[in-house]
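Residue numbers 647 to 771, in the numbering used here, belong to the letters of the sequence shown in order.
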Amino acid sequence: MQREIVQTREKNLETCLVISTGLVVIYFFKPYEALLMVAAALGVIGLFINPLAKWVTWGWYKLADVMGFVMSKVVLSIVFYVFLFPIALLARMSKKDLLQLKKRDDTYWTTRNHKYTAKDLENVW
């Protein structure tokens, strides 16, 4: 799914400063000097060099698109193999025909001996 990236000066500045903030937070956990330098460079780019900030914003959004494409597949696969597949195996081992796929009877109509009253027809939905 292609979406239009709105690139205003404010959006470019916001993107650069968010990435810079993220790098500073990572620096507190893993103190590599290069993280601070890259964070400072991105901050300066976002504040003063708008054409370069447009490229940073474009790359950031493309990275987000790729990660969204991959992670949706990963999350859905995990849900399938962790939850749905074991439930299906347990249902199959129970030997019940829960969906009534095997034709055993001539008809599947069930007889219901019920005398209808006016109250049954008052609020049908």
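Cβ coordinates follow ideal geometry from the N, Cα and C atoms, glycine included. Because the structure is a prediction, the values reported are computed rather than measured.
Backbone CA spacing between residue i and residue j [nearest angstrom]
i: residue 663; j: residue 696; result: 13 angstroms
i: residue 711; j: residue 703; result: 12 angstroms
i: residue 733; j: residue 724; result: 14 angstroms
i: residue 701; j: residue 713; result: 18 angstroms
i: residue 684; j: residue 671; result: 13 angstroms
i: residue 716; j: residue 728; result: 18 angstroms
Beta carbon of residue i nearer than 9 angstroms to that of residue j
i: residue 688; j: residue 666; result: yes
i: residue 682; j: residue 693; result: no
i: residue 654; j: residue 706; result: no
i: residue 737; j: residue 744; result: yes
Range of the contiguous alpha helix (DSSP H) that encloses residue i
i: residue 673; result: 655-675
For residue i, three-class secondary structure by DSSP
i: residue 761; result: coil
i: residue 691; result: helix
i: residue 678; result: coil
i: residue 752; result: coil
Residue environment, residue i, which counts as buried when at least 16 other CB atoms sit within 10 Å
i: residue 763; result: exposed
i: residue 757; result: exposed
i: residue 759; result: exposed
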